[in-house]
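Q: One structure, as structure tokens, below. Some questions next.
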Amino acid sequence: MCGIFAYTGKGKKDAGKVLLDGLLSLEYRGYDSAGIFTPESGAVKTPGAVKELRKKVSKDFSGKSGIAHLRWATHGEPTAKNAHPHSDCGGELWLVHNGIIENFKELKEKLAKLGHTFRSDSDTEVLAHLVEEYLGKTRDFEKAALKALNDVRGTYGIALQYKGEPDKLIAARMGSPIVIGLGNGEHFIASDPSPILPHTKKVVFLEDGEVAVLTPQKHVIRKLDSSQVRRNATEIEWSAEQAQKGGYEHFMLKEIMEGPEVIENTLRGRLLPSKGDVKLGGLESVAKKLAKIERIIIVACGTAYYAGLVGEYMLEEHAGIPVEVELGSEFRYRHPVLNERTAVLAISQSGETLDTLEAVREGKRRGALTLGIVNTVGSTIARETDAGVYNHAGPEIGVASTKAFVSQLTALALLTIFLGRQRGMSPKEGKRIARELAALPKKLQAILDRHGDIEKLAKQYGFARDFLYLGRRYNLPVAFEGALKLKEISYVHAEGCGAGEMKHGPIAMIDERFPTVALAPMDSMYEKMISNIHEIKARRGPVIVVATEGDKEVGKLVEDVLYVPKTIEMLEPILNVVPLQLFAYYFARAKGLNVDRPRNLAKSVTVE
Ligand code: AGP
């Protein structure tokens, strides 16, 4: 997600200083490129974040109004050319944008035919030219903006400025948050309240489909049909830091709560439910090669590795491709036997994990096709793989990976349909999986709505120093991931274990002080999981079960049940992991630990 900040104040404050200072509090939202514009001093854009932008901005850069932006790339590499603000042909209209304009290609073709010339690959620039086209017809800035926005499909949060009316700013929201700051003789637009709070605590949150027209003295909110909207201001009591976390205490909790939106963003523009197929633009260039691939080796580390283990079950069962999953740190020393009919698939949130990157390089050296499922656009792994799928999950700030894991599993499900349809998966089966994928955000929200119960349970188990996490098939990697979440932020011992493996050793640890978290949804492994739970109970071990809504039986066997909605087996991990993420979060928070920055860990491990 990108960060937007805009100001108009008729000289009350210097817009250059207001905007550059404000961008600092938005850096958590995106930092691969930055830019600023004022009618008086023009535009300055650069790769990198605010520090780099300050270096490029001249000493006398100033203005009475302006717009600024920090980018988290979704289309186009993080370069100065693709950085925001973007302008129209004549450099009269300037725009910053957060979101994805889905129909930008068709709009761009139409505008090019009308003589518009484009400077960047960005979908955002198309909107600036669209406003320009309408401004030429209506000679009215507000009308031109409304008409242009009515042509757009996709998501946007924007701030728009026209040199012909320098005091006026136009903001609009569709799917990406926009908040208006109401100052005394000055107004602000931002992606969240954090950059506004040093100036005013009075804000108005725009709703989807709303447009705000701001001058230093006035603000008017309209719907896209230009009907006026009356909205009372809100007094924000948050600190700037709390505003960055959306009012949550930690980034980790905010990112867990973003799960439904993350699944929607990962799926956006990619599901073709009517055909039971998917569109993965990042794989189009290698689609023919992929049809001939006979084996996939997934390489990753940590949470991404556990996502890969889920992907192995998905791809083998539903796409009929042999899959191995390797730790990045092991693969590169294993002397693997690869050839051009092998694909090495790297999964990485940061795209910079050295062990995974070196595994990709080893795959290349040995002639394999290299692919990536990466969240950070333009990262090293994204650039060095032959093709890939971006997560579009937005920056993940908490060291413990949560929303990225949910997005990685969603992307693996899309890849399964993509490869499965190349290998005989029926349109009917593709439609079934696509339908269930589309239903996940609502189901995930139902779990999140019960976060209070999970908080209580985590406190109840605060006594424990050891946990066993059990699962089978698709839920075995979830057991590993649940254990990793708990140990990496609360520092207690937790291990994931195949439920069938318990009798080969781990059950010796079980007693009344050693709780077990068992993943026992009503699926093909249910009966076996129930007998494993009996084995634990026979040794007086406390058990928390993740079970399917409506399962009354399991509740009679164990102390505590965390219910999740039913879905198809291959998608269960996307739902089942979330109660475990929340359990780990509340368990560590109850101990007063630094949940976002746990000891000894880095967000991106760029060393061996
Ligand atoms: C997971 O919570 C950890 N932060 C860590 O295991 C992480 O998943 C691993 O380092 C891989 O990072 P990547 O996805 O950025 O490659």
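As numbered in the working numbering, residues 214 to 821 make up the sequence shown, in order.
Positions of the beta carbon are idealized from the N, C-alpha and C atoms, including for glycine.
Roughly how many angstroms separate the alpha carbons of residue 605 and residue 752, rounded to a whole number?
A: Between residue 605 and residue 752, the C-alpha separation is close to 45 Å.
Q: Considering just the uninterrupted stretch of the alpha helix (DSSP H) at residue 519, what are its terminal residues?
A: Residue 519 -> alpha helix (DSSP H) spans 515-531.
Q: Nearest CA to the CA of residue 682: which residue from 709, 624, 521, 299?
A: Answer by Cα proximity: 709.
Q: If you measure between the beta carbons of residue 251 and residue 276, is that distance less than 8 Å?
A: Yes, the pair counts as a contact, with Cβ atoms nearer than the cut-off.
Q: Kindly indicate which residue of 698, 283, 582, 443 has the alpha-carbon position closest to the one of residue 556.
A: Minimum Cα distance to residue 556 is reached at 582.
Q: Confirm the yes/no value for this check: CB of residue 209, any heavy atom of the ligand AGP, distance under 7 Å.
A: The structure shown does not extend to residue 209, since the chain spans only 214 to 821, so no value can be given for it.
Q: Thinking just about the alpha-carbon of each residue, which of 578, 574, 562 is nearest to the one in residue 591?
A: When each option's Cα is compared against that of residue 591, the closest is 562.
Q: Along the chain, which unbroken stretches of the beta strand (DSSP E) at least 3 residues long are found entirely within the stretch 684-720?
A: The stretch 684-720 contains these whole beta strand (DSSP E) runs: 706-711.
Q: Can you grab the Cα-Cα spacing for the pair residue 202 / residue 779, in whole Å?
A: Only positions 214 to 821 of the chain appear in the structure, and residue 202 is not among them; the question remains open.
Q: At the level of alpha carbons, what is the spacing between residue 799 and residue 689?
A: When rounded, the distance between both Cα atoms is 22 Å.
Q: For the ligand AGP, which residues have a Cβ under 5 Å from at least one heavy atom, in chain order?
A: The answer, residue by residue, is 514, 515, 516, 517, 561, 562, 563, 566, 613, 614, 818.
Q: Can you list, in chain order, the residues of its chain whose CB lies under 6 Å from that of residue 392, leaving out five sequence neighbours each side?
A: Cβ neighbours of residue 392 beyond the five flanking positions: 403, 406, 416, 418.
Q: Can you tell me the Cα-Cα spacing of residue 460 and residue 467, whole angstroms?
A: Distance between the alpha carbons of residue 460 and residue 467 is about 8 Å.
Q: Is it the case that the Cβ atoms of residue 340 and residue 308 are separated by a distance below 8 Å?
A: In contact: residue 340 and residue 308 (Cβ atoms closer than 8 Å).
Q: Enumerate in chain order the residues of its own chain whose CB-to-CB distance from residue 302 is below 7 Å, with the five nearest sequence positions on each side excluded.
A: The residues are 329, 330, 342, 345.
Q: With burial defined as no fewer than 16 other Cβ atoms inside 10 Å of the residue's Cβ, what is the status of residue 360: buried or exposed?
A: Per the 10 Å Cβ criterion, buried.
Q: Straight-line CA distance for residue 547 to residue 528?
A: Taking the straight line joining both Cα atoms gives about 23 Å.
Q: Per DSSP, what are the beta-bridge partners of residue 759 in this structure?
A: DSSP lists 732, 775 as partners of residue 759.
Q: State the Cα-Cα distance for the pair residue 627 and residue 254, rounded to the nearest angstrom.
A: Distance between the alpha carbons of residue 627 and residue 254 is about 46 Å.
Q: Can residue 691 and residue 774 be called in contact, C-beta distance under 8 Å?
A: Not closer than 8 Å, so no.
Q: Suppose only complete runs of 4+ residues qualify. What are the alpha helix (DSSP H) ranges in the stretch 602-635, listed by chain order?
A: The qualifying runs are 616-635.
Q: Hey, would you say residue 728 sits closer than 8 Å to residue 757, going by beta carbons?
A: A contact, by the Cβ cut-off of 8 Å.
Q: Does the distance from the C-beta atom of residue 544 to that of residue 517 stay below 8 Å?
A: Contact flag unset, no.
Q: I'd like to know if the stretch 521-536 and the stretch 625-639 are in contact, where contact means that at least 3 CB-CB pairs between them fall below 8 Å.
A: Result yes; three or more Cβ-Cβ pairs closer than 8 Å.
Q: So is residue 504 buried or exposed if we call it buried at 16+ other beta carbons inside 10 Å?
A: Under this definition residue 504 is an exposed residue.
Q: According to DSSP, simplified to helix, strand and coil, what is residue 672?
A: Three-state result, residue 672: helix.
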